[in-house]
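Heads up: the sequence shown runs through residues 33 to 127, numbered per our numbering. Heads up, the beta-carbon is just placed ideally off N, CA and C, and yes, glycines get one too.
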Amino acid sequence: VGYKTINLCKLIVLYPTDYRFSKQWRQQAEQQMIASGKSGMSDEQIEKFVEYFWKALHPELFIKPLVKNTELVDLIIEINFDHSIGKIYQPNYLN
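Have a look at this one:
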């Protein structure tokens, strides 16, 4: 199977107002899966899963510099805890 090269024209970053929301969002998603009869991770498994990724690529070290990069990012959309849209801006807007 061959892969086609795709040129990225615009980069939009969905930026949670607090990276720690991701753990709670994962818990909500897993609980919904379990409630619908599908398999899902326990709270302990979620804790380990999320902590692993935070250690491997911590949001503070990756996302914060990315959203300030006017060369790469065209638009930033902040995501609130309730999944609603917060601020929408370009990287240099808040610098």
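Would DSSP call residue i helix, strand or coil?
i, result
"Leu46", "strand"
"Lys100", "coil"
"Ile78", "helix"
"Ser71", "coil"
"Asn39", "coil"
"Leu93", "helix"
Figure out for me which residue from the options has the closest Cα to the Cα of residue i.
i, options, result
"Asp50", "Asp75, Ala67, Asp114 and Leu104", "Asp114"
"Thr102", "Ile117, Asn124 and Phe85", "Asn124"
"Phe85", "Lys55, Leu104 and Ile38", "Lys55"
"Leu46", "Ser68, Ile108 and Asn112", "Ile108"
"Pro91", "Ile38, Pro48, Tyr35 and Cys41", "Pro48"
"Lys128", "Arg52, Lys70 and Lys36", "Here the chain has residues from 33 to 127 only, and residue 128 is not among them."
"Leu104", "Gly69, Gly72, Ile95 and Gly34", "Ile95"
Tell me whether residue i is buried or exposed, calling it buried when 16 or more other Cβ atoms sit within 10 Å of its Cβ.
i, result
"Ile58", "For the sequence presented, residue 58 should be read as Arg rather than Ile. The residue in question, Arg58, is buried, as its Cβ has 16 or more Cβ neighbours within 10 Å."
"Glu76", "exposed"
"Glu62", "buried"
Under DSSP, the beta strand (DSSP E) around residue i begins and ends at which residues?
i, result
"Ile108", "Leu107 to Ile111"
"Lys119", "Ile117 to Tyr121"
Mind checking which residues open and close the alpha helix (DSSP H) that includes residue i?
i, result
"Lys55", "Phe53 to Ala67"
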